[in-house]
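Going letter by letter, the sequence shown gives residues -23 to -1, 1 to 136 in mature numbering (1 follows the signal peptide of the UniProt record, and there is no 0).
Just so you know, even glycine gets a beta-carbon here, dropped at the ideal spot from N, CA and C.
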Amino acid sequence: MHAARHITLSSALVALCAGQAFGLTPPPPPCAYSGDMAEGREIASTGNWSNQFVSYTTYDKADRTYFYLEHCPSGRVLRSKSQPHSLTSTGPRDASEISATVYDALASETPYTMGDLQALLRDQGVPTKRFTSKRESCACQTYFPDTVGSKTPYKKDAK
């Protein structure tokens, strides 16, 4: 009986702590899991960086991660693509390695341009693409709403 009571009290404590942690967990960013899209794929996460940059990720049916880095005032975007997660080999094209490369560069004291980041990723064999968006992204509207400039303002229903 003593062991059963201990298990019950332990379970209650775990549930209480989990409930408190759940209540303190901030909601996901407005763009994440809300149906907002990037190149036809749903945005799964967003982040903001200094100098009015945002990042967001999407996934495709082939189990690859797409990382986007966007400069909000200009609409310039750098996209990189991982190898499928189902591959057992790791290396520079692994999603965790790509995110570490990009996020370490963004967090460093060294100033990087998008061209610098693209060259860094390409040197590691990571497929990249640069383009300029004519529409304000959800992430830019969320984190830097005054940077829409001449882009079409963000609208939830515009895909």
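Helix, strand or coil, according to DSSP, for residue i in the structure here?
i, result
"R53", "strand"
"V103", "coil"
"Y33", "strand"
"S22", "strand"
"A15", "strand"
"A(-3)", "In this prediction, A(-3) scores a pLDDT of 43, lower than 50, which makes its location untrustworthy; no coordinate-derived value is stated."
"Y131", "coil"
"E47", "strand"
So, for residue i: in the same chain, excluding its five sequence neighbours on each side, which residues have a beta-carbon less than 7 angstroms away from its beta-carbon?
i, result
"P130", "E113"
"G126", "P50"
"A72", "T42, S59 and H62"
"R70", "S59, Q60, G102 and V103"
"Q29", "H48, C49, P50, F121 and T124"
Measure the beta-carbon distance from residue i to residue j and round it to whole angstroms, keeping in mind my assumption that it falls under 8 angstroms.
i, j, result
"L55", "Q118", "No, L55 and Q118 are not in contact; Cβ-Cβ is about 19 angstroms, not under 8 angstroms."
"Y33", "A116", "5 angstroms"
"R53", "T109", "5 angstroms"
Can you list, in chain order, the residues of its chain with a C-beta nearer than 6 angstroms to that of residue i? Leave out the 5 residues immediately preceding and following it.
i, result
"W26", "L83"
"S57", "F44, I75, L98, V103 and T105"
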